[in-house]
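Heads up, the sequence shown is in our numbering, so the first residue is 6 and it goes up one at a time. Glycine residues also receive a C-beta, built at the ideal position from the N, C-alpha and C atoms. Treat the numbers as computed from the prediction; the structure is a model and nothing was measured.
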Amino acid sequence: MTLSYAHILRQLAKERPDAPALTFSGETWTFAQLNARSSQTACALQAAGVEVGDRVALLTKNCAECFELMFACNKIGAILTGLNWRLSPAEIQSIVADAMPRVIITSPEEAHLLTPAVQQQVGVRQLITLGERYQQWRLSADDTDPGHEGAPDEVALLLYTSGTTGLPKGVMLTNQGMSYTPRLGALWGMGSDSVNLVAMPMFHIGGCGYGTSAMTVGGHTVLMREVNIAHIIQLISQYRVTHTFLVPTVVQALLEVPNIELADLSSLKWLMYGAAPMGDVLLRRAMDTLRCEFIQAYGMTETSGTVVQLPPADHAPEGPRSKLLKSVGRAIDWVKLRVVDPSTGHDVPHGEVGEIWIQSEMLMSGYWRKPSETAETVQAGGWLRTGDAAFQDAEGYIYLFDRYKDLIISGGE
6 MTLSYAHILR QLAKERPDAP ALTFSGETWT FAQLNARSSQ TACALQAAGV EVGDRVALLT
66 KNCAECFELM FACNKIGAIL TGLNWRLSPA EIQSIVADAM PRVIITSPEE AHLLTPAVQQ
126 QVGVRQLITL GERYQQWRLS ADDTDPGHEG APDEVALLLY TSGTTGLPKG VMLTNQGMSY
186 TPRLGALWGM GSDSVNLVAM PMFHIGGCGY GTSAMTVGGH TVLMREVNIA HIIQLISQYR
246 VTHTFLVPTV VQALLEVPNI ELADLSSLKW LMYGAAPMGD VLLRRAMDTL RCEFIQAYGM
306 TETSGTVVQL PPADHAPEGP RSKLLKSVGR AIDWVKLRVV DPSTGHDVPH GEVGEIWIQS
366 EMLMSGYWRK PSETAETVQA GGWLRTGDAA FQDAEGYIYL FDRYKDLIIS GGE
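The following block contains the structure:
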């Protein structure tokens, strides 16, 4: 049976009702509270006319309601569509026109990004602002769980890519793809005693994917509104954070804090990094300073997150295995990977550059309303063309080289 996010939360609310599930801005919700809140929000969405397959757009920096709405949508078979608040109003308008949401929820701080055309778009039944208006709307609804059990191929999330090779495309992620999140959490040493600091934005797969990895195995998630280096240090110490994911630029900024070696980061056991290359010098300095286990993750929106990793055992700073620090790692157990000559569709020999192709149940079901782009990206046999150029050594380690489609950070957004 495929475990949807809603199913997992329901189980955790029964098994660990009083355990901390989510902390944001000093307030903590237990699994029972998160389950109850998301059920009432699900009923409010239904009362607003949201049905199975309808989209609910969310435009806000990170907040606790991001998780509440993600689970609420899953409880009624709706599709949460995160909007990137870093985009221009015109770009957001284009995405909203493509996604055609029934309801748009925004924060007061980001509301100015919604143009009059967005607010008047056909099909949008309600525009709700987080805060008092949102709470009134939510509390006016029934508080019972709608009880929807989504099929494995039901779309749970619609995340828009960064548009590095054109306009952003909506990536449809299914219950089946996201059901691997608990397995990834276990792979990263997470359990019910883990505390996971999430600084990645929730409109990104790093937020709604990695951000739920500890939560879905019963752990505690500490959510940041946005990246703030001093706040990261404070939260790690205050909540005894065991896991986090940081992009290399944030790792570098963390190491540049005066007397960082004196900060109490002793609880940190695992630090994941990815989304862009981390140079040898920076990585070695981080390993020496932070003294925790390091994991490099490679993935993209279209793969529902991480599909290749360089585990702690392969982070040797010295010796013959230190060359692996230049690699992004090997495919995880339930992922098949090929390095292919895209002009022929045949695998290239070890050491020669080709395009990374991925096959897994984690893959997207396609691009929203873009069948031709889907057909170009997903080849026969379910192989997804990543657009990333790389070579593979005889042991299966992948070394990124460049982008076939464009020069962007590897793995896309």
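Here's the rule: buried if 16 or more other CB atoms are within 10 angstroms of the residue's CB, otherwise exposed. What is residue i?
i    : result
L172 : exposed
T249 : buried
A162 : Position check: residue 162 holds Leu in this sequence, whereas Ala was assumed. Burial call: buried.
G136 : exposed
H351 : exposed
W34  : buried
H320 : buried
R15  : buried
L144 : exposed
N264 : exposed
P253 : buried
K174 : buried
A104 : buried
V123 : buried
H225 : buried
D59  : buried
S30  : exposed
E357 : exposed
Q397 : buried
R335 : buried
E400 : exposed
A18  : buried
A281 : exposed
E32  : exposed
E73  : buried
R91  : exposed
R42  : buried
A291 : buried
Near residue i, what residues of its chain come up, given a Cβ to Cβ distance below 7 Å and the 5 sequence neighbours on each side ignored?
i    : result
E418 : At E418 the pLDDT is 40, less than 50, meaning the model places this residue with poor confidence and gives no usable figure here.
W142 : A49, I133
T422 : No information on residue 422 is available, as it lies outside the stretch 6 to 418 that the chain covers here.
With which residues is residue i paired in a DSSP beta bridge?
i    : result
H320 : According to DSSP, H320 bridges with nothing at all.
R296 : None; R296 has no bridge partner.
D407 : A394
Y278 : L251, Q301
M177 : L163, G371
H351 : D346
R60  : I84
H225 : V200
P25  : T35
G334 : I403
Q131 : V108
Q384 : W388
I421 : What the structure shows of the chain is the stretch from 6 to 418, and residue 421 is not part of that stretch, so it cannot be assessed.
T311 : G304
Going by beta carbon distance, what residues of the same chain come within less than 6 Å of residue i, once the five residues before and after it are set aside?
i    : result
S415 : With a pLDDT of only 31 at S415, under 50, the local geometry of the prediction cannot be trusted, and the value read off the model is given with reservation. Excluding sequence neighbours, S415 sits near D393, L405.
I110 : L63, I133
T217 : T186
G371 : M177, T379
V353 : V344, D346, G359
N180 : T7, S9, G155, P157, E159, A161
D407 : A394
Roughly how far, in whole angstroms, is the beta-carbon of residue i from the beta-carbon of residue j, given that I think they are within contact range, below 8 Å?
i    : j    : result
L287 : Q301 : Incorrect: roughly 12 Å between the Cβ atoms, too far for contact.
I337 : L192 : 7 Å
G155 : N79  : 7 Å
M283 : V256 : 7 Å
V246 : L228 : Not confirmed; about 12 Å, so no contact.
K274 : G223 : Their Cβ separation, rounded to whole angstroms, is 16 Å, which puts K274 and G223 out of contact at 8 Å.
R296 : P322 : Going by Cβ atoms, the distance from R296 to P322 rounds to 12 Å, so no, they are not a contact pair.
Y402 : S332 : 4 Å
G82  : H12  : Not a contact, Cβ separation roughly 12 Å.
A52  : R107 : With a Cβ gap of about 12 Å, A52 and R107 do not count as contacting.
A258 : I234 : 5 Å
G214 : S309 : 6 Å
E261 : T294 : Incorrect: roughly 11 Å between the Cβ atoms, too far for contact.
Suppose the cutoff is 8 Å on Cβ atoms and the five residues either side in sequence are ignored; what does the same chain contact list for residue i look like?
i    : result
W339 : Y185, R188, S365, E366, M367
Q5   : This structure leaves residue 5 out entirely; the chain is present only between 6 and 418.
P317 : W275, E298, F299, I300
Q38  : A26
H355 : F396, Q397, D398, A399
Segment contact flag, the stretch 50 to 70 with the stretch 103 to 118, C-beta cutoff 8 Å, min 3 pairs = Short answer: they touch.
Using 8 Å as the threshold, is the stretch 198 to 208 in touch with the stretch 84 to 91, meaning 3 or more CB pairs across them?
-> Contact between the stretch 198 to 208 and the stretch 84 to 91 is present, because at least three Cβ pairs lie under 8 Å.
For the 8 Å Cβ check, are there 3 or more pairs between the stretch 268 to 288 and the stretch 237 to 248?
-> Counting Cβ pairs under 8 Å, three or more are found: they touch.
Count the CB pairs spanning the stretch 375 to 393 and the stretch 322 to 332 that are closer than 8 Å, and state whether there are at least three.
-> Because the criterion of three Cβ pairs below 8 Å is not met, the stretch 375 to 393 and the stretch 322 to 332 do not touch.
The stretch 14 to 34 in contact with the stretch 120 to 136 per 3-pair CB rule at 8 Å | Here the stretch 14 to 34 does not lie against the stretch 120 to 136, with fewer than 3 beta-carbon pairs under 8 Å apart.
Does the stretch 145 to 157 come within contact of the stretch 40 to 49, defined as at least 3 CB pairs closer than 8 Å?
-> These segments touch.
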